[in-house]
Amino acid sequence: MFGFRSLVCPGRRVLTYVNRSLFVQCSPLCGSFNRRSENLSINRIISKLSPSDKMLLYQELSKCIKEKPDSSMSTQQVQVAHLTYAQLKCVFIGNCLPFIGFGFLDNAIMIVAGEYIDVQFATFLGISTMAAAGLGNLVSDLFGIGLVGYVEKFMEKIGISVPPLSASQLASSSVRWSIAIGRIVGITIGCLLGLLPLVLFSW
Numbered sequence: 000m001f002g003f004r005s006l007v008c009p010g011r012r013v014l015t016y017v018n019r020s021l022f023v024q025c026s027p028l029c030g031s032f033n034r035r036s037e038n039l040s041i042n043r044i045i046s047k048l049s050p051s052d053k054m055l056l057y058q059e060l061s062k063c064i065k066e067k068p069d070s071s072m073s074t075q076q077v078q079v080a081h082l083t084y085a086q087l088k089c090v091f092i093g094n095c096l097p098f099i100g101f102g103f104l105d106n107a108i109m110i111v112a113g114e115y116i117d118v119q120f121a122t123f124l125g126i127s128t129m130a131a132a133g134l135g136n137l138v139s140d141l142f143g144i145g146l147v148g149y150v151e152k153f154m155e156k157i158g159i160s161v162p163p164l165s166a167s168q169l170a171s172s173s174v175r176w177s178i179a180i181g182r183i184v185g186i187t188i189g190c191l192l193g194l195l196p197l198v199l200f201s202w
């Protein structure tokens, strides 16, 4: 009953003779319990065990649990990790929009700073246009470090944020893909929008 028979292995004295006979007497009742009577019967049987037999039973049950995890627990974990399409959409948008801001600021500042350095200091310092672009990228990265927090706060003010997720949900492949694709799409759109200063310079 409930795996008790499997605990008495040949050649191993898991339970005493008296308690083994108790299980043998109860074994014909296997499969005839409902959920409530199962708990009552188990409690009644355990209450008649000696302390040493309880410890042996606990050790054997621990081994069985380690060797074969409960399938119902894995099912519950899968159910917890499952997200609906609407939740995945919120995860995608919550990661996409902030990176649009990051990409725009990074590219726009790099172009403006690189153009300014190229016009004002290229001849004086004797550097090439690519070197000026590299210095502009340095300026953009420095600004980006300070502006990250402001972009995130702005997104929170307008109601754009990633929904709270549990550890199992964050570990699921669907959430990780939504986060990655959202950031890729966001940074791509942001960098393309960040090219607008080139239009202003042409004017």
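Quick note, the sequence shown lines up with residues 0 to 202 if you use numbering that gives the first Met the number 0.
Even glycine gets a Cβ: it sits at the ideal position worked out from N, Cα and C.
On a predicted model such as this, the values are computed, not experimentally measured, just so you know.
Pairwise C-alpha distance: residue j and residue i
{"i": "Gln-168", "j": "Thr-128", "result": "47 Å"}
{"i": "Ser-177", "j": "Gly-185", "result": "12 Å"}
{"i": "Ile-108", "j": "Ile-116", "result": "12 Å"}
{"i": "Gln-78", "j": "Arg-175", "result": "Because the pLDDT at Gln-78 is just 49, under 50, the model does not fix this residue reliably, and the point stays unresolved."}
{"i": "Gly-193", "j": "Ala-132", "result": "15 Å"}
{"i": "Met-89", "j": "Leu-195", "result": "For clarity, residue 89 is Cys in the given sequence; the question names Met instead. Rounded to the nearest angstrom, the two C-alpha atoms are 28 Å apart."}
{"i": "Gln-119", "j": "Leu-137", "result": "17 Å"}
{"i": "Cys-190", "j": "Phe-101", "result": "8 Å"}
{"i": "Ala-166", "j": "Ile-44", "result": "39 Å"}
{"i": "Phe-200", "j": "Pro-163", "result": "43 Å"}
{"i": "Ile-110", "j": "Ala-130", "result": "13 Å"}
Beta-carbon spacing of residue i, residue j below 8 Å
{"i": "Asp-105", "j": "Gly-148", "result": "no"}
{"i": "Ile-159", "j": "Gly-93", "result": "yes"}
{"i": "Ser-172", "j": "Leu-82", "result": "no"}
Below-8 Å beta-carbon distance, residue i vs any chain B residue
{"i": "Ile-159", "result": "Protein chain content of the structure displayed is limited to a single chain, and chain B is not contained in it."}
Minimum C-alpha distance to residue i - residue among the options
{"i": "Gly-113", "options": "Asp-52, Ser-46, Asp-140, Glu-155", "result": "Asp-140"}
{"i": "Leu-96", "options": "Val-198, Leu-199, Val-161, Phe-200", "result": "Val-161"}
{"i": "Phe-98", "options": "Met-154, Gly-145, Ser-51", "result": "Met-154"}
{"i": "Leu-220", "options": "Ala-85, Ala-121, Leu-146", "result": "With the chain represented from 0 up to 202, any question about residue 220 goes unanswered, as that position is not in the structure."}
{"i": "Leu-146", "options": "Phe-103, Ser-165, Ile-126", "result": "Phe-103"}
Item to check | Whole alpha helix (DSSP H) elements within the stretch 93-161, 4-residue minimum | outcome: Counting only runs that start and end inside the stretch 93-161, the alpha helix (DSSP H) elements of at least 4 residues fall at 121-124, 128-156.
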